[in-house]
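Undergrad: FYI, in full-length UniProt numbering the residues of the sequence shown are 1 to 187.
Beta carbons are placed, not taken as given, at the ideal position from N, Cα and C, and that holds for glycine.
The model shown is predicted, which means the values in this text are computed figures rather than measured ones.
Take this structure, written in structure tokens, and hold onto it; I'll ask about it next.
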Amino acid sequence: MKKLIAIILAGALIWAGVNFYNTKKEEKERKAKQAKQAELQETEVLPQVGFKAPNITLKGLDGKLHSLNDAKGKPYLINFWASWCGPCEMEAPDLVHLYDKYKKDVEIFAINATIGDPVQEASAFADRHGFKFPVLLDMDGVAGLDYKVFSLPTTFFVNKDGIIVEQVRGVLPPDQLEEKFKKLIES
Numbered sequence: 001m002k003k004l005i006a007i008i009l010a011g012a013l014i015w016a017g018v019n020f021y022n023t024k025k026e027e028k029e030r031k032a033k034q035a036k037q038a039e040l041q042e043t044e045v046l047p048q049v050g051f052k053a054p055n056i057t058l059k060g061l062d063g064k065l066h067s068l069n070d071a072k073g074k075p076y077l078i079n080f081w082a083s084w085c086g087p088c089e090m091e092a093p094d095l096v097h098l099y100d101k102y103k104k105d106v107e108i109f110a111i112n113a114t115i116g117d118p119v120q121e122a123s124a125f126a127d128r129h130g131f132k133f134p135v136l137l138d139m140d141g142v143a144g145l146d147y148k149v150f151s152l153p154t155t156f157f158v159n160k161d162g163i164i165v166e167q168v169r170g171v172l173p174p175d176q177l178e179e180k181f182k183k184l185i186e187s
């Protein structure tokens, strides 16, 4: 009789252990699936105001790899441009002026649409305007696709937490652009 009770108890313990393991495994799989679904939903709506800016890493004119994470807790602008873009030509001096004025508080990443712009032209444009901020080369157009850039210039204003707070397509008058810089610093 004692042997039968010991066998039943051992069986119950084994069953409980297997059941506990399977429950934990199912819970872990469910959480992983939910996290993946949340990630997919987030990327489906990106980039939009109120959502996290996609992190990208691109080679710069300086030959180094640059990531948007390089902003290190500072708010930043992502400006998509090309050397052949007339409005980009108009906007460039304003970006340089505002960067000189606010560089302690805001970073700028100037992303050249290199897929349609030779690197030499992009470099000449950056030199001509005196870009002191990172100039990144979107050689295969992936960054432009990630950010759904369909016109140039397109600028994203991203707060220190990596959230897009504003998106501008086209050129703003210098005073409006500066107001957006100030607003970004305060956010």
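Measuring only the C-alpha atoms, how far is Leu-65 from Lys-182?
TA: On the sequence shown, position 65 is the one that residue 65 refers to. On the sequence shown, position 182 is the one that residue 182 refers to. So the alpha carbons of these two residues sit roughly 28 Å apart.
Undergrad: Can you tell me the Cα-Cα spacing of Ser-187 and Val-165, whole angstroms?
TA: Taking the sequence shown and counting its residues from 1, the one referred to as residue 187 is at position 187. Taking the sequence shown and counting its residues from 1, the one referred to as residue 165 is at position 165. Near 9 Å, if we compare the C-alpha coordinates of Val-165 and Ser-187.
Undergrad: As a quick exercise: from Cys-88, Pro-87, Glu-107, pick the residue whose alpha carbon is nearest that of Ile-78.
TA: Taking the sequence shown and counting its residues from 1, one reaches residue 78 at position 78. Per the Cα distances, Glu-107.
Undergrad: Considering only residues of the same chain and omitting the five flanking positions on each side of Lys-148, which have a CB-CB separation below 7 Å?
TA: Residue 148 sits at position 148 when you count from the first residue of the sequence shown. Counting only Cβ-Cβ distances below 7 Å, and skipping sequence neighbours, we find Pro-47.
Undergrad: Smallest Cα separation from Lys-101: which of Gly-73, Lys-72, Ala-53, Lys-132?
TA: As a working mapping, residue 101 is identified with position 101 in the sequence shown. Measuring from the Cα of Lys-101, the nearest candidate turns out to be Lys-132.
Undergrad: Within this structure, are the beta carbons of Asn-82 and Asn-112 separated by less than 8 Å?
TA: If you number the sequence shown from 1, residue 82 lands on position 82. If you number the sequence shown from 1, residue 112 lands on position 112. The sequence shown places Ala at residue 82, rather than the Asn named in the question. Yes, they are a contact pair.
Undergrad: Can you give the Cα-Cα distance for residue 251 and Gln-167, rounded to whole angstroms?
TA: This structure does not reach residue 251, given that the chain is present from 1 up to 187, and the question cannot be answered.
Undergrad: Assuming Pro-134 contacts Phe-109 (C-beta within less than 8 Å), just tell me the rounded distance between them.
TA: Locating residue 134 in the sequence shown gives position 134, where the first residue counts as 1. Locating residue 109 in the sequence shown gives position 109, where the first residue counts as 1. Right, their Cβ atoms sit about 5 Å apart.
Undergrad: Answer with buried or exposed for Asp-62, where buried requires no fewer than 16 other C-beta atoms within 10 angstroms of its C-beta.
TA: Along the sequence shown, read from residue 1 onward, the residue named residue 62 stands at position 62. Asp-62 is exposed by the Cβ-count criterion.
Undergrad: In the DSSP assignment, what residue or residues form a beta bridge with Val-135?
TA: On the sequence shown, position 135 is the one that residue 135 refers to. According to DSSP, which records beta bridges pairwise, Val-135 is partnered with Ala-110.
Undergrad: Shortest alpha-carbon distance to Leu-172 belongs to which of Trp-84, Leu-13, Pro-75, Pro-93?
TA: Numbered from 1 along the sequence shown, position 172 holds the residue referred to as residue 172. When each option's Cα is compared against that of Leu-172, the closest is Pro-93.
Undergrad: Let me confirm a value: Thr-155 is counted as buried when at least 16 other C-beta atoms fall within 10 Å, else exposed. Which label applies?
TA: Translated into the one-based positions of the sequence shown, residue 155 becomes position 155. Result: buried.
Undergrad: Out of curiosity, what's the CA-to-CA distance linking Glu-121 and Thr-114?
TA: Here residue 121 refers to the residue found at position 121 of the sequence shown. Here residue 114 refers to the residue found at position 114 of the sequence shown. When rounded, the distance between both Cα atoms is 9 Å.
Undergrad: Tell me whether Asn-159 sits in a helix, a strand or coil according to DSSP, three-state version.
TA: Counting from one through the sequence shown, the residue named residue 159 turns up at place 159. In this structure, Asn-159 counts as coil in the three-state DSSP scheme.
Undergrad: Return the CA-CA distance between Ile-8 and Lys-52, expressed in angstroms with no decimal places.
TA: As a position in the sequence shown, residue 8 is number 8, starting the count at 1. As a position in the sequence shown, residue 52 is number 52, starting the count at 1. So the alpha carbons of these two residues sit roughly 55 Å apart.
Undergrad: If you draw a straight line from the C-alpha of Phe-80 to the C-alpha of Cys-88, how long is it?
TA: Working through the sequence shown from its first residue, we reach residue 80 at position 80. Working through the sequence shown from its first residue, we reach residue 88 at position 88. Roughly 9 Å separates the two Cα atoms.
Undergrad: Can you tell me which of the three DSSP states Gln-120 falls into?
TA: Along the sequence shown, read from residue 1 onward, the residue named residue 120 stands at position 120. The answer is helix: DSSP assigns Gln-120 an H, G or I state.
Undergrad: List the endpoints of the continuous alpha helix (DSSP H) containing Phe-181.
TA: Mapped onto the sequence shown, residue 181 falls at position 181. It spans 174 to 186 - the alpha helix (DSSP H) in which Phe-181 sits, taken as one unbroken run.
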